[in-house]
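Numbering (my numbering), first residue to last: -6 to 370.
For glycine and all other residues, C-beta sits at the position ideal for the given N, C-alpha and C.
Read through the structure below, which is laid out as structure tokens, and then see the notes.
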């Protein structure tokens, strides 16, 4: 059974990695951002892991891992901090892609976050000195505090994703801690933890997993924003013109309520694709003056108009541009109270000085669009 730990790592990674190449979601396109985040978080946790391993706070059963050690830890333990987080963040972003409106309210997320912090703080102080409990819950309080002030929008979805992640977590971590085995793959010194187990899993492991996984999601989101800002700059040549036209992906999915999924690759920072009613980008888009384009997703004129717009939006840095393919009447009310048919050729709405009006109901060429937007200069 010396391959058991390796099998658990590979088994956890295989399906998410294969589905990362799925043509609609295309999660693999973010591989640089994801791998960078995984590496940073892994480095922190590996230092923690090495210190604890060498001080006997936990350890590894040589019957279940390969005989290759690095800083006292089996090679499988190193792989753990890449395989498990990758599989977990894939679940998180799959939820974002397929169920974009599945979010906890901002207020609810704040209450949950504060509730966890308030619950954990007394546990931490009452058990101060127990190495695993002390370090683990200190990290947990730290990441929750960061999330509360700088990542509350990320937590709105992550809390839901984490509940789903806990299902494979209990399976994999259960085996690692001895479920179904004569001895555990990973053993713990119970003098250094609360001594409370969920089946065979120390209760601290849930906080450990949360810190590790949300740490990755938080960094991924921050790096994605920097990546988009860099893409915006690199797409402009010395004369201020676009070097390469942004790629537009418009996909049909008959299983979803909103039949068309729109994605714009390497957008400008003032370009937003409106995917749901309560996404973080939606709130950013709604601030100030904006141009909103609603279209039915019938390709041809729709794509042409998007392309024409994307070639001039950099000329309006103080104006937000939002795109939405086939929006329901209910969702439409967020942007306007105008009574507009759902399935129509592109409709261009504008808001200036908190007043929404209809600018156009037909495709436009660049020069015509500039004329429409002249009052926004």
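Counting of Cβ neighbours within 10 angstroms places residue 149 among the buried residues, the total reaching 16 or more.
In this structure, residue 117 places its C-beta atom within 7 Å of the C-beta atom of residue 130. Residue 25 carries a helical assignment under DSSP once its states are collapsed to helix, strand and coil. Going by beta carbons, residue 315 and residue 288 fall outside the 7 Å limit. Between the region 45 to 58 and the region 102 to 119, the count of C-beta pairs closer than 8 Å stays below three; the two stretches do not touch.
Excluding sequence positions up to five before and after residue 72, its CB lies within less than 6 Å of the CB of 2, all in the same chain and listed in chain order. Less than 7 Å divides the Cβ of residue 178 from the Cβ of residue 54.
Assignment of residue 55 by DSSP, reduced to helix, strand and coil, places it in the helix class.
If you draw a straight line from the Cα of residue 160 to the Cα of residue 154, it comes to about 11 Å. In the DSSP assignment, residue 316 forms a beta bridge with 266 and 286. Beta-bridge pairing by DSSP links residue 344 to 283 and 349. Note on geometry: alpha-carbon atoms of residue 16 and residue 265 lie some 22 Å from one another. Burial is judged here by how many other beta carbons sit within 10 angstroms of a residue's own beta carbon; residue 98 has fewer than 16 and is exposed.
Within the same chain, 29, 30, 33 and 34 come within 8 Å of residue 212 by CB-CB distance, once the 5 residues on both sides are set aside. In this structure, the straight-line span from the alpha carbon of residue 96 to that of residue 358 is close to 38 Å. With respect to the C-alpha of residue 262, the residue from 297, 308, 296 and 298 having the closest C-alpha is 308.
Residue 12 sits exposed, since fewer than 16 C-beta atoms from the chains shown fall within 10 Å of its C-beta.
One alpha carbon belongs to residue 209, the other to residue 151, and they sit about 11 Å apart. CA-CA distance, residue 106 to residue 141, rounds to 7 Å.
Setting aside the 5 residues that flank it on each side, residue 257 is surrounded in the same chain by 239, 240, 241, 242, 264, 266, 299, 303 and 316, each with a C-beta closer than 8 Å to its C-beta; the list follows chain order.
In the three-state reduction of the DSSP assignment, residue 41 falls in the helix class.
Residue 145 and residue 102 have their C-alpha atoms roughly 7 Å apart.
Taking a contact as a CB-CB distance under 8 Å, the pair residue 20 and residue 43 does not count as one, their CB atoms being some 31 Å apart.
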